[in-house]
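Step one of this worksheet: look at the structure below.
Encoded structure:
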């Protein structure tokens, strides 16, 4: 199971099979992008065994990369 930051309320909004595992997209319930007020999205890429192989964050409104 993927460990998500506890201080943010995440909702799974999309799951896609990218051919080598799953891509899961989560939306932050209680955080907005300070630049435009858009929803903050967190995307996790999983391998065929379910392990997280990559993660990035972006704004759903302006598509700015928010990955730290």
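Residue numbers (our numbering): 366 to 433.
Glycine residues also receive a C-beta, built at the ideal position from the N, C-alpha and C atoms.
DSSP three-state assignment for residue i, whether helix, strand or coil
i, result
"residue 433", "coil"
"residue 428", "coil"
"residue 393", "strand"
"residue 382", "strand"
"residue 398", "coil"
Cβ pair residue i, residue j closer than 9 angstroms
i, j, result
"residue 391", "residue 406", "yes"
"residue 425", "residue 404", "yes"
"residue 412", "residue 384", "no"
"residue 388", "residue 380", "yes"
Cβ separation of residue i and residue j, assumed to be a contact under 8 angstroms, to the nearest whole Å
i, j, result
"residue 373", "residue 395", "6 angstroms"
"residue 400", "residue 429", "6 angstroms"
First through last residue of the beta strand (DSSP E) which encompasses residue i
i, result
"residue 373", "Note, residue 373: premise wrong, no beta strand (DSSP E); not H, not E."
"residue 404", "404 to 411"
Check: residue i C-beta below 8 angstroms from any heavy atom of the ligand ADP
i, result
"residue 378", "Because no ligand of any kind appears in the structure shown, any question about the ligand ADP cannot be addressed here."
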